[in-house]
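Read in order, the letters of the sequence shown correspond to residues 11 to 318 in my numbering.
C-beta atoms are modelled at their ideal positions from N, C-alpha and C, and glycine is treated no differently.
If you're wondering where the values come from, they're calculated on a predicted model, not measured in any experiment.
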Amino acid sequence: MTVPALVSRRAVLRGGFCLGALAHPLLPGAGRAETPARPPHRIVSLDFGLAETLIEMGLPPIALPNPGTWADWVVEPALPAGIVNLGTDREPNLELLAALRPDLIVTTPYLAGIRRLLEGVAPTREFSVYAPPVGHPYDRSVTATRELATVLGREREGEALIARAEATMTATRQLLAARGVAAQPTMVVSFLDTRHVRVYGAGGLFGDVMERCGLTNGWTRPANYWGFSTVGIEALAESPASRLVYLEPISPDTLDTLAASPLWNSLPFVRAGRVHRLPAVLMFGMLPSAMRFADQMARLLAGEAANG
């Protein structure tokens with residue numbers, strides 16, 4: 011689940027699921043499944059954001075696509091051992107899924123094309139945080155967390171997660187204001203290659219968290235409905251007063267090439283030494299990712315203030 015794969019993953023929202031997945035024969039007993047009458051315990055998540063929410067509510071999924079990439083893109087909460095690998099998020103292994111006999115499958119509009127197949131395996135619930143139109147993923151994550159908690163009979167745990175997230179935003183805002191680092195514009199990017207970045211603006215999870223934490227976003231161009239713009243690195247010069255924060259993972263080759271690039275070295279924040287590296291945070295996450303992003307930004311910027 012590389013960074014480009016995450017983008018193309020959501021692009022499928024407009025075109026439905028890939029033909030390979032639709033070619034699976036309809037599983038026995040298919041039909042529109044309803045949420046179980048009793049709270050489910052064996053949950054399969056087909057989305058990392060929903061999975062991290064389940065973990066934080068004390069009910070980790072029993073299976074997930076691509077669990078081996080969790081440590082690269084999500085990091086925390088840690089993924090418990092023993093979670094079954096369902097294959098790729100584009101084509102989950104439906105035969106294995108059926109063999110697991112889950113009580114509930116949770117998914118997103120990205121997999122709407124195989125919703126009928128999923129419902130043939132177990133009751134299936136869809137939660138929308140990043141589907142169009144443009145919105146605020148933080149607020150949508152709060153709504154989705156409450157809905158998921160209700161389905162699971164874990165309303166108390168859901169409200170505790172929401173309250174913890176809000177407390178994290180408040181504490182981060184107070185810390186950054188006290189350290190005097192909130193007002194300087196900040197651009198947050200992911201490198202796609204040595205010449206292009208994804209820069210996070212309004213309408214995405216990172217933009218929402220920056221706003222809640224009192225940070226000034228240095229990227230003011232309109233973003234897409236996922237909350238980012240894909241631009242050449244020269245476009246970042248439009249915000250010369252900003253500090254630049256780039257997210258892991260990033261390859262050593264990219265860093266080496268940038269270090270030798272006249273274009274990169276001509277950018278104002280590079281010349282001024284205002285470039286910072288941030289540990290990985292899931293851009294398509296929910297409240298746990300929002301808290302991780304706030305925590306990592308607080309550590310980075312508070313450290314920057316302490317170092318002068």
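Beta-carbon proximity check, residue i vs residue j, cutoff 8 Å
i: Leu277; j: Ala247; result: yes
i: Leu106; j: Val54; result: no
i: Tyr235; j: Pro143; result: yes
i: Arg208; j: Leu215; result: no
i: Thr153; j: Glu136; result: no
i: Ala290; j: Pro259; result: yes
i: Ala173; j: Glu165; result: no
i: Gly217; j: Gly224; result: no
i: Leu288; j: Tyr256; result: yes
i: Gly242; j: Pro147; result: no
i: Val322; j: Leu254; result: The question about residue 322 has no answer, for the chain in this structure spans 11 to 318.
Neighbourhood of residue i by C-beta distance below 6 Å, restricted to the same chain and skipping five residues each side
i: Leu156; result: Residue identity differs from the one stated: residue 156 is Arg in this sequence, not Leu. Correct list, in chain order: Gly168.
i: Ser151; result: Val139, Met296 and Leu297
i: Val199; result: Val207, Val209 and Tyr256
i: Arg42; result: Low per-residue confidence applies at Arg42: pLDDT is 41, beneath 50, and the placement is therefore not dependable enough to give any value.
8 Å Cβ shell around residue i - same chain, five flanking residues per side excluded
i: Ile93; result: Pro70, Pro71, Ile72, Ala73, Leu74 and Pro77
i: Ala312; result: Leu185, Leu186, Arg189 and Val191
i: Pro50; result: Pro112, Asp113, Leu114, Pro133, Val161 and Leu162
i: Asp305; result: Thr178 and Thr182
Collapsed DSSP secondary structure at residue i in the structure displayed
i: Glu136; result: strand
i: Pro90; result: coil
i: Ser249; result: coil
i: Pro230; result: The question names Pro, but residue 230 is Thr in the sequence shown. Note: Thr230 maps to coil in three-state DSSP.
i: Ser151; result: helix
i: Tyr210; result: strand
i: Tyr120; result: helix
i: Phe216; result: helix
i: Ala73; result: strand
i: Pro102; result: strand
i: Arg174; result: helix
i: Thr196; result: strand
Close-in-space but distant-in-sequence residues of the same chain around residue i (CB under 7 Å, 5 per side omitted)
i: Pro87; result: Glu62, Ile65, Glu66 and Pro298
i: Ser252; result: Pro195, Thr196, Met197, Gly228 and Phe279
Could I get the ranges of all uninterrupted beta strand (DSSP E) runs contained in the region 266 to 299, with 3 residues as the minimum, in chain order? Secondary structure within the region 266 to 299: the beta strand (DSSP E) runs of 3 or more consecutive residues, fully enclosed, are 285 to 288 (chain order).
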